[in-house]
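Asks: The structure's right below; bear with me while I get my questions together.
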Amino acid sequence: MPALSTGNQVSMDSRTARPDLDAIKRLAAVATIETSTREESEIRIQARRVAPGSDVYIPWLPDSSWRDIVAVAAELRACGVNPVPHVAARRLLSREDAQQYLSALRGQAGVTRALLIGGEHSAKRMGFAHSIELLESGLIETHGIRSLGFAGHPEGHPAVASEVMDAALQRKIAYADEHDLEPFIVTQFAFDHRSVLSWLEHVRAIGIRAPVRLGVTGPASVRTLLRYALRCGIGTSLKTVAARGPALMRLIEKGGAEDVVRAVAPRAAELGVIGLHLFPFGGFELSAGWIAKVAAEGL
């Protein structure tokens, strides 16, 4: 990775700066996306909306079991795309449960890349209280995972101090490096480009060198996006929306996070941002179409 700048470029206003179209198109050309469907017919349709071999992430929905995720992963693999399932530590009931899940992902869907998250706290018995416990159990690398993603939070976490988040991410990346797991980071979505750039500069300054996928939202209604923002604790972004009012709301509804993409793209190589990751809150087809359009035309 090129040397990282410490210059104060966060103050750049993406609304007036000239967009780097080539850099934007490069980020979109290798974008990843999530699917929330569990219907085989819909999975086949969605697989045709992305390039063959593309990474399609499978979130662990509240009403789903790991067996549901394995079934979706297997169908995606059969359709010629690469499934990237979420591995939510708190949703696994025991070490044996984790072994069964990871074994099924590898055996039935050929999974080699996954996203490790803590997951929501559950009233049920939890085998792992934190994602780091599952990671350091050694189960992940012994079940064929070769590339492992971790969550990044440019606007912080509503329940965890930033210093704690930093230390946890450093520890996870260090473990992955030591065990040949090819770590990467997928960020939570945000609409405030200054927060995103500040966070990227910060993680590089504290020695984290893992490549980053920039989480952005695809086209969706403002009401839908604000609902997800509230659920995910995206505080700075909500303040940005309030401050800029109707103009930003129209921008968000049209394209999700164009401000963020325009601001980050010129510094993507410097900051180790390797591509976009789409949260398709407004629907998979709309987001897949947005990716294709931006990859061809830029923003």
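When we follow full-length UniProt numbering, the leftmost residue of the sequence shown carries the number 1, and every step to the right adds one.
Virtual Cβ for every residue (Gly too), placed ideally from N, Cα, C.
Note that the structure is a prediction, hence the values are computed from the model and not measured.
(1) To which residues of the same chain is V260 closer than 8 Å at the C-beta, ignoring the five residues directly before and after it?
(2) Given 8 Å as the limit, is there contact between the region 33-51 and the region 63-76, that is, 3 or more CB pairs closer than that?
(3) Using a 10 Å radius around the Cβ and a threshold of 16 neighbouring Cβ atoms, would you call A23 buried or exposed?
(4) Helix, strand or coil: how does DSSP classify Q108 here?
(5) Under the assumption that R171 contacts S147 (Cβ atoms under 8 Å), give the Cβ distance between them as a whole number of angstroms.
(6) With distance defined between alpha-carbon atoms, name the residue in W60, G289, V111 and R95 nearest to A74.
(7) Could you pull out every residue in the same chain whose Cβ sits closer than 7 Å to the Cβ of A210, ignoring the five residues on either side in sequence?
(8) Here's the rule I'm using: 16 or more other beta-carbon atoms within 10 Å means buried, otherwise exposed. How should D285 be labelled?
(9) Unbroken beta strand (DSSP E) runs of length 3 or more, entirely within the region 12-70: which are they?
(10) Looking at the secondary structure, which residues open and close the beta strand (DSSP E) in which H86 lies?
(11) Cutting at 8 Å between CB atoms, please list the residues of its own chain near L76, excluding the five before and the five after it.
(12) Might you give, ordered along the chain, the residues of its own chain that have their beta carbon closer than 8 Å to the beta carbon of T6, omitting 5 neighbours on each side?
(13) Give the range of the alpha helix (DSSP H) segment to which S195 is assigned.
(14) Is F279 helix, strand or coil when you go by DSSP?
(15) Can you give me the Cβ contacts of G233 inside the same chain, cut-off strictly under 6 Å, excluding the 5 residues immediately before and after it?
(16) Which residues in the same chain have their Cβ closer than 7 Å to the Cβ of G235, if we skip the five residues on either side of it in sequence?
(17) State the DSSP-derived secondary structure class of R209, mapped to helix, strand or coil.
(18) What did DSSP end up calling A159 once you bin it into helix, strand or coil?
(19) Give the DSSP-derived three-state secondary structure of L93 in the structure shown.
(20) In the DSSP assignment, what are the bridge partners of P183?
(21) Whole angstroms are fine: how far does the CA of F128 sit from the CA of L134?
(22) Leaving aside the five residues before and after L271 along the sequence, list all residues of the same chain whose C-beta is less than 6 Å from its C-beta, in chain order.
(23) Does DSSP put L115 in a helix, in a strand, or in coil?
Replies: The structure says:
(1) To locate residue 260, count along the sequence shown from 1; it is residue 260. Correct list, in chain order: S14, A190, F191, D192, H193, V196, L214 and V216.
(2) yes
(3) Here residue 23 refers to the residue found at position 23 of the sequence shown. Buried.
(4) The residue you call residue 108 lines up with position 108 of the sequence shown. DSSP places Q108 in helix when its eight states are reduced to three.
(5) One-based indexing of the sequence shown puts residue 171 at position 171. One-based indexing of the sequence shown puts residue 147 at position 147. So it is not a contact: roughly 18 Å between Cβ atoms.
(6) The residue you call residue 74 lines up with position 74 of the sequence shown. Closest option to A74, Cα to Cα, is V111.
(7) The residue you call residue 210 lines up with position 210 of the sequence shown. Here the set comprises I173, P183, F184 and I185.
(8) Taking the sequence shown and counting its residues from 1, the one referred to as residue 285 is at position 285. Contrary to the premise, residue 285 reads as Glu rather than Asp in this sequence. When all chains shown are included, E285 counts as exposed.
(9) Residue ranges of uninterrupted beta strand (DSSP E) with 3 or more members, entirely inside the region 12-70 and ordered along the chain, are 32-34 and 55-58.
(10) Counted from its first residue, the sequence shown places residue 86 at position 86. Per DSSP, H86 belongs to the beta strand (DSSP E) from N82 to A88.
(11) For the purposes of this step, residue 76 is taken as residue 76 along the sequence shown, with counting starting at 1. Excluding sequence neighbours, L76 sits near T35, I43, A47, V56, I58, N82, P83 and A109.
(12) Sequence index remark: in the sequence shown, residue 6 carries index 6 (1-based). The pLDDT assigned to T6 is 32, lower than 50, so where the model puts this residue is not dependable, and the model offers no usable value.
(13) Reading the sequence shown from its first residue, position 195 is the one you call residue 195. Looking at the DSSP string, the run of the alpha helix (DSSP H) that includes S195 is H193 to A205.
(14) Translated into positions along the sequence shown, residue 279 becomes position 279. Strand, per DSSP.
(15) Numbered from its first residue, the sequence shown carries residue 233 at position 233. Per-residue confidence for G233 stands at a pLDDT of 48, beneath the threshold of 50, marking its modelled position as unreliable; no derived number is given.
(16) Counted from its first residue, the sequence shown places residue 235 at position 235. Residue placement at G235 is poorly supported in this model, since its pLDDT is 49, which falls under 50; the coordinates are not used for a value here.
(17) Residue mapping note: residue 209 aligns to position 209 of the sequence shown, counting from 1. Here R209 sits in coil by DSSP.
(18) Position 159 of the sequence shown, counted from the start, is the residue given in the question as residue 159. Correct three-state label for A159: coil.
(19) Numbered from its first residue, the sequence shown carries residue 93 at position 93. In the structure shown, L93 sits in coil (DSSP, three-state: anything other than H, G, I, E or B).
(20) As a working mapping, residue 183 is identified with position 183 in the sequence shown. In the DSSP assignment, P183 is bridged to L148.
(21) For the purposes of this step, residue 134 is taken as the residue at position 134 of the sequence shown. For the purposes of this step, residue 128 is taken as the residue at position 128 of the sequence shown. If you draw a straight line from the Cα of L134 to the Cα of F128, it is about 6 Å long.
(22) On the sequence shown, position 271 is the one that residue 271 refers to. Contacts found: L200.
(23) Here residue 115 refers to the residue found at position 115 of the sequence shown. Note: L115 maps to strand in three-state DSSP.
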